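*Asks:* In case it helps, this note's numbering puts the sequence shown at residues 662 to 1004. All residues carry an ideal CB built from backbone N, CA and C; glycine is no exception. All values reported here derive from a predicted model rather than from experimental measurement.
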Amino acid sequence: MRYRTLGNSGTVVSVQCLGTMTFGDEADEETSGRIIEAYIEAGGNFLDTADVYSKGISEQIIGRWLASHPTDSEQLVIATKGRFPMGPGGNDYGASRRHLRDALDSSLARLGVDFVDLYQIHAFDALTPLEETLRFLNDAVSAGKIGSYGFSNFTGWQLTKAAWIAKVHGWAPPVTLQPQYSLLVRGIEHEIVPAALDQAVGLLPWSPLAGGWLSGKYQRDTVPTGATRLGANPERGMEAYGPRNEDEHTWRVLDALKSVADATGSAQAAVALAWLDAQPAVTSTILGARTIEQLQQNLAAVDLRLDADQLATLTEASTPRTEVYPYGPQAVQQRHRPIVPEA
């Protein structure tokens, strides 16, 4: 395992983070515990959860495991999130002080801890002033309930605005951002990655295998079946089979991925994760797993280093499509200049 600092904080985390959205849903408690143990055995030290995962059950499973493994627990960096609905009322979700106060205290209780190392706002809340959210987070840092804070699913302007509000008020700054990011989802490179680099915020990519597409298990014009996420529901969320199957871009990326995997003798999933690990601002990639076997296959990516030509092959094949303006080549060129004007 390799390690990096958690964004612009001094906390050290493994470059692969164990995501626990499957706990209590696709993985029962016994399997979840064995997944944690296999992850730690591989050198991992960073667990990510959220209150909304299985409506609190994921946090409860982790909490019971932490209580029964006190020695290992001391070495883990624990992250959770709040913002999405945990009840029927208007104050049972959002990024208001009222909801976040209850959400954080409830998460701490379910986890059985006095503080978490990283607390994340799970999505932007257009109804709550950012100042209110950030003041709460700064107060939580000062109270010792959280070590640092970050965001998930924020756009570039939202991240930059939040970072500057914190700076102006002298509050603790955000240290991380969780975006969806993979060879099939690279749109964040237009604004979000530059914003993260500008503010020294570390990225924690979620869905790094694009809902399983980058593992190579789906075939063209063959609707998946069986015990997979898309097998159970081919129209599931952003990774729905139909739209991606019909998009030639998907198959160009998968063809390039297979060619690099064959050249390196590695699994396609490992190659996809190795490419992501090499991207600017990435701190730790969030791995989700339903089984120990899935986890171990993905952990193998930590030892895979792609050379410049292999990275270029994948980067070129997966280049996100853009409009001519403002992200086309000529528009991008306008935002840069040589030291001396060209003749």
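(1) Starting from L679, follow the beta strand (DSSP E) in both directions and report where the run begins and ends.
(2) Would you list the one or two residues that DSSP bridges to V674?
(3) Hey, how far is the Cα of S745 from the Cα of D766?
(4) Any idea which residues DSSP pairs V738 with across the strands?
(5) Check this for me: beta carbons of G877 and K919, under 8 angstroms apart or not?
(6) Relative to the C-alpha of Y780, which residue among P834, T732, E735 and E977 is closest?
(7) In three-state DSSP terms, what is K929?
(8) How far does the alpha helix (DSSP H) with G724 in it reach, from first residue to last?
(9) Give, in chain order, every unbroken run of the beta strand (DSSP E) that is at least 3 residues long and sits entirely within the region 819-869.
(10) Suppose the cutoff is 8 angstroms on Cβ atoms and the five residues either side in sequence are ignored; what does the same chain contact list for P866 look like?
(11) Work out the CA separation of Y810 and A804 for me, nearest whole Å.
(12) Does the separation of the CB atoms of E909 and G903 fall below 8 angstroms?
(13) To the nearest angstrom, how far is the alpha carbon of L950 from that of A703?
(14) Leaving aside the five residues before and after D970 along the sequence, list all residues of the same chain whose C-beta is less than 8 angstroms from its C-beta, in chain order.
(15) Using a Cβ-based criterion (distance less than 7 angstroms to any ligand heavy atom), does A961 qualify as near the ligand SAH?
*Replies:* Quick look at the numbers:
(1) Unbroken beta strand (DSSP E) run through L679: Q677 to G680.
(2) In the DSSP output, where bridge partners are listed per residue, V674 has R665.
(3) First, the residue type needs correcting, since residue 745 is Phe and not Ser in the sequence shown. Roughly 15 angstroms between the two C-alpha positions.
(4) According to DSSP, V738 shares a beta bridge with F707.
(5) In this structure, K919 lies closer than 8 angstroms to G877 by Cβ.
(6) In this structure, P834 is the residue among P834, T732, E735 and E977 with its C-alpha nearest to the C-alpha of Y780.
(7) Residue identity differs from the one stated: residue 929 is Gln in this sequence, not Lys. Residue state, collapsed to three classes: helix.
(8) Here the alpha helix (DSSP H) through G724 covers I718 to S729.
(9) Qualifying beta strand (DSSP E) stretches, in chain order: 837-839.
(10) Q839, P840, Q841, Y842, S843, L937, V943, T946 and I947.
(11) Between A804 and Y810, the C-alpha separation is close to 13 angstroms.
(12) No.
(13) The sequence given here has Ala at residue 950, not Leu. If you take the alpha carbons of A950 and A703, they lie about 15 angstroms apart.
(14) None.
(15) With respect to the ligand SAH, the structure shown offers nothing to examine, as it has no ligands at all.
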